[in-house]
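According to this note's numbering, the sequence shown holds residues 3 to 388 in order.
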Amino acid sequence: MAAAEKMIDLPADAPIQFFDLKAQQATIRPALEQRWTTILDHGRYIGGPEVDECEAKLCEFTGAADAVAVGSGTQALVMPLIALGYGHGDAVFIPGFTYNATANAVLLAGATPVLVDIDPGTFNMDPEDLERKIQRVKGTRNLRARAVIPVDLYGLPANYTAIQEVADAHGLRIVADAAQSFGGKQEGKWIGTLAEISATSFYPTKTLGGYGDGGAILVRDKEMGDLLRSIRWHGTGDNRKESIRVGINGRCDSIQCAVVSEKLDIFEAERQRRIVAASVYDQRLAGKVETQSVKQGDEPAYGLYTVRVPDRDAVRAKLSEAGIPTAIYYDTPIHQMPAFEQFAPARGLPECERASREVLSLPMHPYLSEDQVHRVCDTLLGALQR
Ligand SMILES: Cc1ncc(COP(=O)(O)O)c(C=O)c1O
């Protein structure tokens, strides 16, 4: 199908939004209002039937054996680390170019983040640097190499095949940070099934967002799902009173689960429109602007569409003058944030540092018209020529 047939039509002067939650809301508002009424009537604001419904739909969509809805993407990362029993002296390997939640989750679980550099093409964890960092940890006495958290930055799946190989060689577990990549695929398999445990976020601007905080943990093993359900409710058993292990309040509200369930019904159509928007960007920018490199077999979720531009501030200002919003994810790598400086490798993380100076995210959402994507490209290419 031609790109133009799949994207929505808008008037020529419609303002370009970076994300467009308003347009999306308009398509599901009557169904949501019906759901509010149902929730107000049954009154089970926590643990209502919407939670089971949402979890079942997440499994149905991805093929995961179990899904546990939780209070945020951050909780979805902390809780598996608690479930796996990590704590003091345990090294968890994470990329140095990610949202701060990945690092905070490791520290909140009591473990130590070990920062790995990224591949400059994909912006995702470099498996060769992972191997180097594991060797380094193995050469010390104070840390045990335990787990790796690959991050699917901007929605592009990490290199799970290579990372799994390295993890298997050293007996490491994998907890995927799929906060940005729900709806992505690798070798025909959905995000959420590419690692034994995957954490995703329902932050409103994510590909599958709620109307508040929320998240989910998708697992291959039902026993792990049961363990996470106990941890979600302060480590209690069936009576929900007595803690049989350490846990937290990790619950997702009925209202958020209702929103996510509703959005799952329109998700595939939205996913297709993101793919088409990305293909227009790809075609227009090929050979002129460095885009995130997508290898054969990968289908990004296109939570964000990000390019590298050397003279970023000037280019960004020109786009802004033309009414085109952009964003920077992220202008500070993890090891340069005050809270995590103590984990900075001696020689830094050169590719994380370079990416933080050069990345620029362009408007990306399912409610862009093809004309709007061309306008962004025209302005960007014009700004780069001057
Ligand atoms: C890569 C990454 N990890 C973790 C999170 C944390 O998710 P949340 O904001 O839902 O806690 C986010 C989202 O904000 C993220 O982008």
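For glycine and all other residues, C-beta sits at the position ideal for the given N, C-alpha and C. Given the structure is predicted, the values throughout are model-derived calculations rather than measurements.
With a threshold of 6 Å (Cβ to nearest heavy atom), would residue i be considered close to ligand 1?
i: residue 1; result: What the structure shows of the chain is the stretch from 3 to 388, and residue 1 is not part of that stretch, so it cannot be assessed.
i: residue 205; result: yes
i: residue 214; result: no
i: residue 358; result: no
i: residue 183; result: no
i: residue 307; result: no
i: residue 100; result: yes
i: residue 74; result: yes
i: residue 194; result: no
i: residue 142; result: no
i: residue 103; result: yes
i: residue 361; result: no
i: residue 157; result: no
Alpha carbons only, please: which of the options is nearest the one belonging to residue i?
i: residue 247; options: 231, 80, 109, 238; result: 238
i: residue 17; options: 310, 370, 387; result: 370
i: residue 356; options: 185, 334, 22; result: 334
i: residue 257; options: 217, 279, 277; result: 217
i: residue 223; options: 65, 27, 34; result: 65
i: residue 106; options: 383, 342, 69; result: 342
i: residue 63; options: 344, 194, 219; result: 194
i: residue 164; options: 365, 14, 320, 297; result: 297
My assumption, with CB atoms under 8 Å, is that residue i sits in contact with residue j. Please give the rounded CB distance.
i: residue 148; j: residue 80; result: That pair is no contact at about 15 Å.
i: residue 127; j: residue 160; result: 6 Å
i: residue 124; j: residue 294; result: 6 Å
i: residue 87; j: residue 113; result: Not confirmed; about 10 Å, so no contact.
i: residue 20; j: residue 327; result: 4 Å
Going by the beta-carbon positions, is the gap between residue i and residue j smaller than 7 Å?
i: residue 203; j: residue 178; result: no
i: residue 8; j: residue 263; result: no
i: residue 132; j: residue 118; result: yes
i: residue 22; j: residue 367; result: yes
i: residue 174; j: residue 200; result: no
In the structure shown, what three-state DSSP assignment does residue i receive?
i: residue 20; result: coil
i: residue 117; result: strand
i: residue 383; result: helix
i: residue 243; result: coil
i: residue 206; result: coil
i: residue 352; result: helix
Is residue i near ligand 2, in the sense that its beta carbon is under 6 Å from a heavy atom of that ligand?
i: residue 179; result: This structure does not include ligand 2; its bound ligands are ligand 1.
Under a CB-based cut-off of 7 Å, is residue i close to chain C?
i: residue 219; result: The structure shown has no chain C; it contains just one protein chain.
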